[in-house]
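Our numbering puts the first residue of the sequence shown at 1373, with every later residue one more than the last.
Read the structure below first, then the notes.
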Amino acid sequence: MNALAQQLLTVCKRYLGPAAAPFLHGELRAIGSDTNRVDTAHLGLLVTSAMPRAAQLMGQGKAAELRTAILACGSMPDRRPTEGGHRLASDAAASLLAKGRPREAGLAYRELVAKHGDTDSYRGLAKALIAAGDSDGAVRALRDGAAVRLRGHDRAGELDLLSEAVVLAPTDLSAHRRIAAALANGGDLVGACAEYRRFVEAVIESGDVRRALLELAYGREILGELPELLALVDRVTARSAPERAHSVDEPRSSEAPDPNEPIDFQKAALRKRLREPWSHNDDLDAVMATLEVSGTDAEAATRAHMRAGILLGARDSRAPEAVLDAARRLLQLDRTRAAADILLAMVNAGREALEAHVLLADAIRRLGRDDLADEKLRLIGILARSTSGDQAARTAESADSAASASRNTAPLVAASGVQRAAPIRTA
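Rendered as structure tokens:
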């Protein structure tokens, strides 16, 4: 969701309350846009398309006020820094880029990023890296910038940079999950589902239907059994296996469904009630056999991450061990957010694992929130002391010592939930 979409959502909430997000997303889709790509050129078409429905929802008077407020978003102030020296340096870097000197422009933008860390500097650095042929580096720069803006409590800036990252790399998993999480944390579940839909369509277009299904399983675990996610599961399954595409509440049909048909939320909700968790069967074992983990490199960590997500979604008894293994691997590679994501999924699933909480505290500390990490370790110690068992006692002792340590000490990375990380055991 870019900055203009954030402004539009704020305006719509004043008039429509909780219905604002579905209203905005629906109207943007109707004009062929979305919250990542909308710009001021779309506002005239947006109000023309949206006013009939707005009048039905709130009357002509309020609809006219909403129309005026939406059009006023086109004149929202630019968020470029106003500091004179910074503006001159930014203009100089842009001039280098325009003259076909991306390497020098990249160096200039890196200085601006180090000094100011603003959205425009990260955006300029990404453009310079693209011009230099380093698209992967550009995506990393945008993701890093989003993390900086999040720490600065600039949610609009975070979403703005992540939106550019997913446009540049539509199948980038980290950027996708972070923008979906940011939208969900902001209360925009419709936008989060729309981001999952975008990612799923992108990976299907690349020919990887299995990856789409895996990501939807992860999304259902994080966001819950939302009707749109369930409908996406059915749609992807229909594309990969048309002969089994009939739904549980409809007779089998020989006619393949249209993958672009509108989502029927009532039928999706019915399928949710009738759907049972993935049982431990040959199909799950077959998938696990393709995700055997060996080595300690980034590829092994990615496979461990995928394995843990599938087992969590299947509610399999192997999930806790798989999650802890994946988290340790990800933390050793400084993929802190991915580790935090899978640990949070495990904790939210109700799994009783003190080790997961200790690793999550380490991830929180690595993200720069020592205060939250210390408080979490203190609570872990209290919880562990109220639980019987040698492991709980060791965890309590470790949590207490880590919480009282200096903030300047090295992060705690547990090997068995309590010690510093040892070499990862290979399978």
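Where is the CB? At the ideal position from N, CA and C, for every residue including glycine.
Small disclaimer: the values here were computed from a predicted structure and weren't measured.
Are residue i and residue j touching if we call contact CB-CB under 7 Å?
i     : j     : result
L1586 : R1592 : no
A1477 : L1484 : no
L1705 : A1670 : yes
A1518 : L1501 : no
A1694 : A1672 : no
V1410 : A1377 : yes
E1437 : A1422 : no
L1731 : L1715 : yes
I1736 : A1745 : yes
V1562 : P1394 : yes
A1441 : V1383 : yes
H1414 : S1405 : yes
R1583 : V1575 : yes
A1375 : D1532 : yes
A1556 : L1595 : yes
C1445 : L1380 : yes
Enumerate in chain order the residues of its own chain whose CB-to-CB distance from residue i is below 7 Å, with the five nearest sequence positions on each side excluded.
i     : result
C1565 : L1598, E1600 and L1601
I1403 : H1414, L1417, L1418 and S1421
R1386 : none
E1530 : A1518, R1521, L1522 and A1554
Does DSSP put residue i in a helix, a strand or coil?
i     : result
I1682 : helix
T1382 : helix
H1488 : coil
I1502 : helix
I1403 : coil
D1697 : helix
S1666 : coil
D1734 : helix
D1742 : helix
H1525 : coil
K1748 : helix
S1493 : helix
L1705 : coil
R1409 : coil
P1542 : coil
K1471 : coil
G1753 : helix
N1557 : helix
R1582 : helix
R1570 : helix
E1593 : helix
P1421 : The question names Pro, but residue 1421 in the sequence shown is Ser. Reduced to three states, the DSSP call for S1421 is helix.
D1463 : helix
S1689 : coil
L1598 : coil
Going along the chain, which residues of its own chain have a beta-carbon closer than 6 Å to the beta-carbon of residue i, five neighbours each way excluded?
i     : result
E1567 : I1551 and A1552
A1691 : L1683 and L1684
A1698 : A1676, H1677, A1680 and I1714
L1696 : E1727
L1388 : F1395
D1560 : A1393
Q1432 : none
Y1590 : G1681
T1412 : G1446
What distance in whole Å lies between the Cβ atoms of residue j and residue i, which are believed to be in contact at a cut-off of 8 Å?
i     : j     : result
A1504 : L1540 : At roughly 14 Å, the Cβ-Cβ gap does not stay under 8 Å, so A1504 and L1540 are not in contact.
E1536 : A1486 : So it is not a contact: roughly 20 Å between Cβ atoms.
G1740 : R1523 : 6 Å
G1801 : A1465 : This structure leaves residue 1801 out entirely; the chain is present only between 1373 and 1799.
Please return the same chain residues whose Cβ sits closer than 8 Å to the Cβ of residue i, not counting the five positions on each side in sequence.
i     : result
A1461 : A1480, E1483 and L1484
L1588 : Y1568, V1572, L1601, L1604, V1605 and V1608
A1427 : A1435
V1538 : N1408, D1544, A1547, H1548, I1551, E1567, R1570 and F1571
A1712 : L1732, A1735, I1736 and L1739
T1674 : none
T1708 : L1702, A1735, R1738 and L1739
S1578 : T1543
S1507 : L1501, L1540 and A1541
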